[in-house]
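Residue numbers (our numbering): 416 to 714. First comes the structure, then the notes that go with it.
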Amino acid sequence: MFKLRYGYFSMGILTGLVILFQFLGTLTDGHLKIIHCDVGQGDGAYIRFPDGRDMVVDGGPNDAIINCLSKYMPFWDRHIDIILLTHPQKDHMQGLLTVLDRYDVGYVVRSDVQNNTDGYTQLLRIIEKKKIPVKLVTAGDRVVVGNAIVTILWPTADQITRMKSPIASQTGSLGGVLGVSTGDLNDGSVVFWLQYGTFDEIFTGDADTRIEKNYLGTPLSPDGIEVLKVPHHGSKTGMSETYISWLKPKLAVISVGKNSYGHPADSILALLDRYGVKIVRTDRNGDVEIVSDGNKWSM
């Protein structure tokens, strides 16, 4: 009886190890994995690069991003290489407070757009307390992760200068200048182009039609991009027909939840449909996972 039980025990350990090594192999299998997380009315995404490093883009309005990370990250992995904050508004930022608290973070990428909310101040304090390096980016900057490239398309340095308010700014204990940014914070959203081989996705934050003309025409693949993260949760002012005809996306991901703003707008859905773009929505489809080997891709 002992030998029989020992045999079962040994077989269980062996099976567990096989499953573990198979799983570990998927972390660096040469595939780019992008998960647009269902975080409600907000934005939050998890990216695992082909070399195993990872990045969180925004954190949504609550702690729902944690559930998403728990599903797609190994349970023992408590390290995130990069956090990218598109802009400091609650529906993109709030969940990052918990992410920063629960995970070790390599560095934070953001633009130098400020906000004077308690949440944003708390975010900066956590970053300072944990001594996490911060990389401030503007258009043209790149973040290279193995064979994957993140190219910043917006905002420009001039746009940041226009948005910062010297009257409201003051020198604080968090280093640099703290204060509010004038105008619409959405106008300072980090827009970036993620490339891996022939696969392309554009992440837009909440930058809408007021902004798109500033980077519209950037040389991309002549055949169009594979995926577009639709600007501003599908707001009616999120993007123009010129924008869609330039990008020619195959798939449009709308990160949206229950809201009173009318997101996504019927006009945006009709525009995407007119151009034959497949639409997925986190409020209806849940987490949206995209996988690419640098050539082929699937959802």
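We treat Cβ as the ideally placed atom computed from N, Cα and C, and that holds for glycine. As the structure is a prediction and not an experimental result, all values here were calculated from the model.
Local Cβ density within 10 Å of residue i, reported as buried at 16 or more and exposed below that
i           : result
residue 463 : buried
residue 490 : exposed
residue 455 : buried
residue 634 : exposed
residue 697 : buried
residue 688 : exposed
residue 691 : exposed
residue 543 : exposed
residue 676 : exposed
residue 622 : buried
residue 479 : buried
residue 703 : buried
residue 437 : With a pLDDT of only 46 at residue 437, under the threshold of 50, the placement of this residue in the model should not be trusted; the figure read from the coordinates follows. Exposed, by the Cβ-count rule.
Per DSSP, the bridge partner or partners of residue i
i           : result
residue 616 : 609 and 642
residue 447 : 707
residue 550 : 524
residue 668 : 644 and 695
residue 663 : DSSP lists no partner for residue 663.
residue 655 : None, per the DSSP bridge assignment.
residue 689 : Residue 689 is not bridged to any residue.
residue 563 : 560 and 611
residue 460 : 451 and 472
residue 491 : For residue 491, which the question treats as bridged, DSSP gives no partner whatsoever.
residue 478 : Answer is none; residue 478 lacks a bridge partner.
Length of the line joining the Cα atoms of residue i and residue j
i           : j           : result
residue 653 : residue 561 : 32 Å
residue 447 : residue 484 : 16 Å
residue 521 : residue 617 : 23 Å
residue 624 : residue 569 : 13 Å
residue 600 : residue 493 : 31 Å
residue 578 : residue 444 : 42 Å
residue 643 : residue 498 : 20 Å
residue 665 : residue 496 : 29 Å
residue 606 : residue 705 : 19 Å
residue 662 : residue 638 : 9 Å
residue 679 : residue 632 : 25 Å
residue 693 : residue 701 : 16 Å
residue 476 : residue 467 : 27 Å
residue 540 : residue 459 : 21 Å
residue 651 : residue 619 : 15 Å
residue 409 : residue 508 : Residue 409 falls outside the range modelled here, since the chain spans only 416 to 714, and no answer is possible.
residue 660 : residue 710 : 23 Å
residue 465 : residue 510 : 25 Å
Neighbourhood of residue i by C-beta distance below 6 Å, restricted to the same chain and skipping five residues each side
i           : result
residue 712 : 614 and 641
residue 487 : 450 and 461
residue 645 : 667 and 669
residue 572 : 553
residue 714 : 705
residue 453 : 697, 701 and 702
residue 551 : 527
residue 589 : With a pLDDT of only 34 at residue 589, under 50, the local geometry of the prediction cannot be trusted, and the value read off the model is given with reservation. For residue 589, where only same-chain residues beyond five positions count, the Cβ hits under 6 Å are 539 and 543.
Contacts around residue i, its chain only, beta-carbon distance under 7 Å, and the 5 residues preceding and following it disregarded
i           : result
residue 519 : 493 and 494
residue 603 : 502, 526, 528, 570, 574, 575, 578 and 596
residue 627 : 654, 655 and 658
residue 537 : 512
residue 708 : 445 and 446
Close Cβ partners of residue i (< 8 Å) along its chain, the five nearest in sequence each way excluded
i           : result
residue 636 : 613 and 615
residue 673 : 455, 456 and 698
residue 523 : 497, 498, 499, 500, 542, 547, 548, 549 and 550
residue 671 : 456, 648, 649, 678, 679, 696, 697 and 698
residue 630 : 554, 568, 569 and 606
Exercise for the section: Check whether the segment 528-535 touches the segment 545-562, taking contact to mean three or more Cβ pairs, one atom from each stretch, closer than 8 Å. Expected result: With contact defined as three or more Cβ pairs closer than 8 Å, the segment 528-535 and the segment 545-562 are not in contact.
Practice task
Examine the Cβ distances between the segment 497-513 and the segment 531-550 and report whether three or more of them are shorter than 8 Å.
Solution key: Flag = yes, the segment 497-513 and the segment 531-550 touch.
Practice task
Taking 8 Å as the threshold, find out whether the segment 560-577 comes into contact with the segment 536-548 through three or more Cβ pairs.
Solution key: Contact between the segment 560-577 and the segment 536-548 is absent, because fewer than three Cβ pairs lie under 8 Å.
Problem - Cβ contact (3+ pairs, closer than 8 Å) linking the segment 605-614 and the segment 510-518 - result: Counting C-beta pairs closer than 8 Å gives fewer than three between the segment 605-614 and the segment 510-518, which falls short of the contact rule.
Practice task
Examine the Cβ distances between the segment 684-699 and the segment 466-475 and report whether three or more of them are shorter than 8 Å.
Solution key: Not touching, per the Cβ criterion.
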